[in-house]
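Report on one structure; see the data block that follows.
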Amino acid sequence: MDKQRLVQTAEALVAAKKGILAADESGGTIKRRFYSINVESTEENRRNYRELLFRTAGISEFVSGVILFDETIRQEGADGTPLVKVLLDQGIVPGIKVDKGTISLPGAPDELVTEGLDGLGDRLKEYAELGAGFTKWRGVISITGNTPTSYGVSANAHALARFAALSQEAGLVPIVEPEILRDGDHSIDQCFDVTEEVLREVFNQLAQQKVLLEGMLLKPSMVISGGSAAQRAEPEEVAERTLDCFKRVLPASVPGVVFLSGGEPDGSVTANLNALNQRANKVGAPWELSFSFGRSLQGAPLAAWAGKLENTEAAALAFYTRARLTSAARQGNYVPEEKEMSAV
Ligand code: 13P
74 MDKQRLVQTA EALVAAKKGI LAADESGGTI KRRFYSINVE STEENRRNYR
124 ELLFRTAGIS EFVSGVILFD ETIRQEGADG TPLVKVLLDQ GIVPGIKVDK
174 GTISLPGAPD ELVTEGLDGL GDRLKEYAEL GAGFTKWRGV ISITGNTPTS
224 YGVSANAHAL ARFAALSQEA GLVPIVEPEI LRDGDHSIDQ CFDVTEEVLR
274 EVFNQLAQQK VLLEGMLLKP SMVISGGSAA QRAEPEEVAE RTLDCFKRVL
324 PASVPGVVFL SGGEPDGSVT ANLNALNQRA NKVGAPWELS FSFGRSLQGA
374 PLAAWAGKLE NTEAAALAFY TRARLTSAAR QGNYVPEEKE MSAV
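Its first residue numbered 74, the sequence shown is counted upward by one per residue in the working numbering.
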């Protein structure tokens with residue numbers, strides 16, 4: 074294992090002002106996203122849309138890495154240039170989603186576990202040859218009356234750590250994503266407790282499986298109220314609770330946290346990221362607090378594109394604007410703009 078290279082890549086992914094674009098929607102997910110704009114999910118449409126994002130002028134100022142799906146890491150742009158090269162030429166690190174989605178957890182029908190460990194070592198070798206510098210695996214935890222159970226938490230944490238250890242062995246920086254879904258009307262206190270339990274178990278498993286903490290990144294959800302809670306916590310409270318929770322369970326040797334956006338509206342997820350960085354700037358935090366957003370970076374450009382070639386420029390502008398504002402929030406300098414509202 075080339076530890077130094079892992080550490081360098083992890084640090085580059087959370088370089089000042091920068092974060093990650095998650096463009097790794099699986100076949101089913103991108104189909105749903107395209108359906109929302111009345112566009113058929115063909116290979117060409119997927120290529121055209123993602124190429125538009127990757128070729129947006131100036132994006133490398135805000136984007137350090139892009140998470141790709143298996144199809145995309147093998148795809149060429151319209152002029153025959155591999156999309157991986159389009160990213161590398163801008164100094165953007167290509168990454169790859171390596172999990173194979175979720176199934177019902179045997180013995181716990183209300184919980185999910187992520188598949189994809191079988192044969193992962195060989196797949197990782199191939200992805201490294203194709204130019205990937207990092208990997209991602211998503212575990213999913215929901216908050217309901219009877220979940221999560223400690224069994225569900227430990228099964229997901231175990232798989233996350235197995236993935237992380239295998240990735241590092243292949244020279245790839247693992248992005249460990251234990252997502253606590255925002256769905257439900259739970260309070261921020263419940264989210265705090267579940268986040269603490271999940272992260273404690275994830276880092277317990279990472280330690281047992283000898284994962285180099287300096288050579289990985291954590292992709293968590295923020296500590297927030299459930300999406301349908303009557304009273305949703307404001308950004309300052311989200312920042313305080315999230316950092317208090319992390320202080321209990323997140324080792325200082327992890328170089329960075331790259332939050333997911335989780336379906337939270339653009340305005341609120343950006344305000345939350347901003348408050349987190351403002352608080353960290355004030356009280357201090359050992360980790361970079363950055364982003365690895367899918368929906369919150371792509372909602373606006375997807376709507377502006379609508380599957381039409383003539384909308385390419387408008388979509389690129391919408392993406393650039395979301396990336397610029399998210400980068401501002403990553404530094405604690407975010408000011409909502411009117412233009413931002415109209416771009417969506
Ligand atoms: P969202 O930001 O849309 O939650 O996507 C991030 C991601 O990569 C989910 O696995």
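Cβ atoms here follow ideal geometry from the backbone N, Cα and C, with glycine treated the same way. This one's a predicted model, so the numbers in the text were calculated from it and none came from an experiment.
Measure the Cβ-Cβ separation of residue i and residue j and say whether it is below 8 Å.
{"i": "Gln263", "j": "Ile216", "result": "yes"}
{"i": "Ile146", "j": "Ala95", "result": "no"}
{"i": "Pro221", "j": "Val284", "result": "no"}
{"i": "Val171", "j": "Gly189", "result": "yes"}
{"i": "Phe276", "j": "Thr82", "result": "no"}
{"i": "Leu346", "j": "Phe364", "result": "yes"}
{"i": "Asn229", "j": "Pro251", "result": "yes"}
{"i": "Ile169", "j": "Ser137", "result": "no"}
{"i": "Arg403", "j": "Ala373", "result": "no"}
{"i": "Asn118", "j": "Gly380", "result": "yes"}
{"i": "Trp360", "j": "Leu333", "result": "no"}
{"i": "Ala234", "j": "Leu279", "result": "yes"}
{"i": "Ser99", "j": "Phe127", "result": "no"}
{"i": "Arg321", "j": "Glu269", "result": "yes"}
{"i": "Ser400", "j": "Phe135", "result": "yes"}
{"i": "Ile108", "j": "Trp378", "result": "Correcting the residue identity first, residue 108 is Tyr in this sequence and not Ile. It is not a contact, given that the beta carbons lie outside the stated cut-off."}
{"i": "Arg255", "j": "Gly335", "result": "yes"}
{"i": "Ala238", "j": "Gln282", "result": "yes"}
{"i": "Ala306", "j": "Tyr407", "result": "no"}
{"i": "Phe236", "j": "Leu178", "result": "no"}
Return the residue from the list the options that minimises the CA-CA distance to residue i.
{"i": "Arg130", "options": "Trp378, Ala391, Gly192, Ser369", "result": "The amino acid at residue 130 is misidentified as Arg; the sequence shows Ala. Among Trp378, Ala391, Gly192, Ser369, the Cα nearest to that of Ala130 belongs to Ala391."}
{"i": "Arg120", "options": "Asn111, Ser133, Val136, Ile103", "result": "Ile103"}
{"i": "Leu286", "options": "Pro167, Leu245, Arg211, Val356", "result": "Leu245"}
{"i": "Ser240", "options": "Ala376, Ala402, Asp195, Ile132", "result": "Asp195"}
{"i": "Gly288", "options": "Val249, Glu274, Ala89", "result": "Val249"}
{"i": "Leu197", "options": "Thr394, Leu272, Ala243", "result": "Ala243"}
{"i": "Ser369", "options": "Gln351, Val342, Asn354, Ala353", "result": "Val342"}
{"i": "Ala358", "options": "Leu126, Ala344, Leu316, Ala377", "result": "Leu316"}
{"i": "Ala388", "options": "Phe265, Glu124, Lys173, Pro324", "result": "Glu124"}
{"i": "Arg105", "options": "Gly150, Gly153, Leu375", "result": "Leu375"}
{"i": "Pro328", "options": "Lys292, Val356, Arg352, Pro338", "result": "Lys292"}
{"i": "Leu290", "options": "Lys90, Ala325, Val330, Ala302", "result": "Val330"}
{"i": "Ile132", "options": "Ile165, Ser294, Leu156, Asp256", "result": "Ile165"}
{"i": "Thr259", "options": "Gly299, Glu270, Gln281", "result": "The question names Thr, yet the displayed sequence has His at residue 259. Ranking Gly299, Glu270, Gln281 by Cα distance to His259 puts Gly299 first."}
{"i": "Leu156", "options": "Asp191, Asn384, Leu203", "result": "Leu203"}
{"i": "Lys90", "options": "Arg255, Leu362, Gln163", "result": "Leu362"}
{"i": "Arg273", "options": "Lys173, Glu149, His231, Glu383", "result": "His231"}
{"i": "Ser294", "options": "Ala181, Ile253, Lys76, Gln163", "result": "Ile253"}
{"i": "Tyr54", "options": "Gly153, Leu86, Glu144", "result": "What is shown of the chain runs 74 to 417, which leaves residue 54 out entirely."}
{"i": "Gly257", "options": "Ala303, Val271, Phe236", "result": "Ala303"}
{"i": "Gly174", "options": "Val408, Gln148, Gly101", "result": "Gly101"}
{"i": "Lys209", "options": "Gln371, Ser177, Phe366, Tyr393", "result": "Phe366"}
{"i": "Glu410", "options": "Gly340, Ala151, Val80", "result": "Gly340"}
{"i": "Pro167", "options": "Asp191, Ile110, Ala85", "result": "Ala85"}
Sort out for me which residues DSSP pairs residue i with in a bridge.
{"i": "Ser363", "result": "Val331"}
{"i": "Leu141", "result": "Ile169"}
{"i": "Gly92", "result": "Val136"}
{"i": "Thr175", "result": "Thr187"}
{"i": "Ile248", "result": "Lys209, Leu290"}
{"i": "Ala181", "result": "Leu178"}
{"i": "Pro155", "result": "Glu149"}
{"i": "Ile253", "result": "Ile214"}
Flag this pair as touching only if the region 208–225 and the region 174–191 have three or more C-beta atom pairs under 8 Å; answer yes or no.
yes
Counting Cβ pairs, one atom from each stretch, are 3 or more of them under 8 Å apart for the region 309–325 and the region 105–124?
no
Anything with a beta carbon under 5 Å from a heavy atom of ligand 1 counts; list them all in chain order.
Ala95, Arg211, Leu333, Ser334, Gly335, Phe366, Gly367, Arg368
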